Amino acid sequence: MSAPRLAVRLIFLGPPGAGKGTQSKVLEDRFGVFQISTGDLLRKHVVDGTELGKEAKTYMDAGALVPDPIMMGMIGQQIGAIDSFILDGFPRTVAQAEALDDLLARAGKPITQVIQFGVNHDTLVRRLTGRWSNPRTGRVYHVEFNPPKVHGIDDEDGGPLMQRTDDTRDVVEKRLQIYAEQTAALKDYYRRRGLLQRIDAHASIEDVTAAILGNVNVILSEASGVEAKP
Ligand code: ADP
Ligand code: AMP
Numbered sequence: 025m026s027a028p029r030l031a032v033r034l035i036f037l038g039p040p041g042a043g044k045g046t047q048s049k050v051l052e053d054r055f056g057v058f059q060i061s062t063g064d065l066l067r068k069h070v071v072d073g074t075e076l077g078k079e080a081k082t083y084m085d086a087g088a089l090v091p092d093p094i095m096m097g098m099i100g101q102q103i104g105a106i107d108s109f110i111l112d113g114f115p116r117t118v119a120q121a122e123a124l125d126d127l128l129a130r131a132g133k134p135i136t137q138v139i140q141f142g143v144n145h146d147t148l149v150r151r152l153t154g155r156w157s158n159p160r161t162g163r164v165y166h167v168e169f170n171p172p173k174v175h176g177i178d179d180e181d182g183g184p185l186m187q188r189t190d191d192t193r194d195v196v197e198k199r200l201q202i203y204a205e206q207t208a209a210l211k212d213y214y215r216r217r218g219l220l221q222r223i224d225a226h227a228s229i230e231d232v233t234a235a236i237l238g239n240v241n242v243i244l245s246e247a248s249g250v251e252a253k254p
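Quick note: the sequence shown uses our numbering, first residue 25, plus one each step.
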């Protein structure tokens with residue numbers, strides 16, 4: 025019998041603005057590890073005007089969390105067919121983490137590591153208030169730290185970039201408060217399970233990528249996907 029294929033199933037845990045989406049896209053582009061961003065999925069529902077989107081929008085505009093049952097329905101559909109993935113922005117509550125554990129145990133696809141992005145408050149605010157994103161693909165830029173070649177235009181698809189309506193100073197402060205109150209407890213949750221790996225995410229985008237690659241317990245290879253570390 026052949027050995028099961030190695031998989032990498034990561035959670036990127038960290039406050040809004042920590043760089044989770046940026047790094048997920050780098051790993052997806054370079055190694056084909058699928059990014060599952062619940063924020064992007066919700067924003068797509070909002071743009072498409074679905075019932076779910078209408079309900080979620082009220083919470084998102086206020087910087088609050090969308091209720092757990094909505095989020096669990098959404099994540100279940102995503103995880104079904106794929107083996108290796110990065111969860112970006114999920115879970116955000118202990119209830120979501122517990123439900124995710126159940127879901128993944130039933131699918132035989134447990135989380136392999138949780139990467140915690142450490143960034144201080146002032147840096148988070150600067151990153152979020154200067155963020156520009158492509159609403160079609162979720163790719164993000166920063167007016168100062170990672171500008172597109174032409175202001176307001178995506179380098180890749182040539183379409184317009186936008187500032188998110190929840191990236192205003194007031195809503196950003198609210199989201200950071202919600203993170204501290206409802207999400208930060210997940211550090212303990214995953215530390216107790218021996219899965220938590222903290223990285224300093226203040227460094228440049230390239231250096232943060234290098235820190236992630238140095239801390240994951242497998243080798244991600246452009247040619248052959250996921251390999252065991254010697
Ligand atoms: P998150 O997904 O955690 O909310 P993002 O990846 O969207 O965070 O990043 C927030 C903002 O910070 C974006 O404008 C992004 O371009 C910028 N950014 C991300 N990583 C870095 C970094 N290492 N250094 C400077 N700016 C960064
Ligand atoms: P993000 O793009 O990750 O910054 O998420 C944007 C917004 O979507 C959040 O402020 C929440 O309102 C909502 N959201 C995204 N992921 C979740 C989640 N796992 N649980 C609850 N709400 C979420």
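The beta-carbon is built from N, C-alpha and C at its ideal position, and this holds for glycine as well.
Bear in mind that the values here come from a model prediction, so they are computed numbers and not experimental data.
Between the ligand ADP and L152, a heavy atom-to-CB distance of less than 7 Å is present.
For A42, the closest alpha carbon among the candidates H166, P93, E52, E75 is that of H166. The beta carbon of A80 lies closer than 8 Å to those of L66, H69, V70, V90, I94 in the same chain, with the five residues before and after it left out. For V195, the closest C-alpha among the options V149, E230, D224 is that of V149.
At least one heavy atom of the ligand ADP lies less than 7 Å from the C-beta of I229.
Taking all protein chains shown into account, P254 has fewer than 16 neighbouring C-beta atoms within 10 Å of its C-beta and is therefore exposed. Look at the beta carbons and you see the region 170-180 not touching the region 127-140: under three pairs across the two are nearer than 8 Å. Residue ranges of uninterrupted alpha helix (DSSP H) with 4 or more members, entirely inside the region 68-107 and ordered along the chain, are 75-85, 92-103.
If you compare the alpha carbons of T46, G77, A225 with that of N170, the shortest gap goes to T46. Checking the 7 Å criterion, the Cβ of L76 is out of range of every heavy atom belonging to the ligand AMP. Counting the other CB atoms within 10 Å of its CB gives P184 a total below 16, which places it among the exposed residues. Beta-carbon to beta-carbon, I110 and L37 are separated by about 11 Å, too far to satisfy the 8 Å threshold.
Y165: member of the beta strand (DSSP E) spanning 164-166, first to last residue. Collapsing the DSSP output to three states places E251 in a strand.
Burial state of A225 is buried, judged by a 10 Å Cβ sphere holding 16 or more other Cβ atoms.
Here D181 has N158, R160, T161 as same chain residues with Cβ atoms under 8 Å from its own Cβ, once five neighbours each way along the sequence are excluded. By alpha-carbon distance to G87, the top candidate from D146, E168, Q201 is Q201.
Nearest neighbour of G113 by Cα position, chosen from S228, D64, V32, S245, turns out to be D64. In this structure, I243 sits near E251, with a CB-CB distance shorter than 8 Å. With a cutoff of 8 Å on beta-carbon distance, E246 and F55 are scored as near each other.
Here the distance from the Cβ of M96 to the nearest heavy atom of the ligand AMP is not below 7 Å. Remark: C-beta atoms of I223 and F141 approach each other more closely than 8 Å.
The ligand AMP never approaches L220 closely enough for any of its heavy atoms to be under 7 Å from the residue's Cβ. Ranked by how close their Cα comes to the Cα of I103, the residues R151, F58, V118 have F58 in first place.
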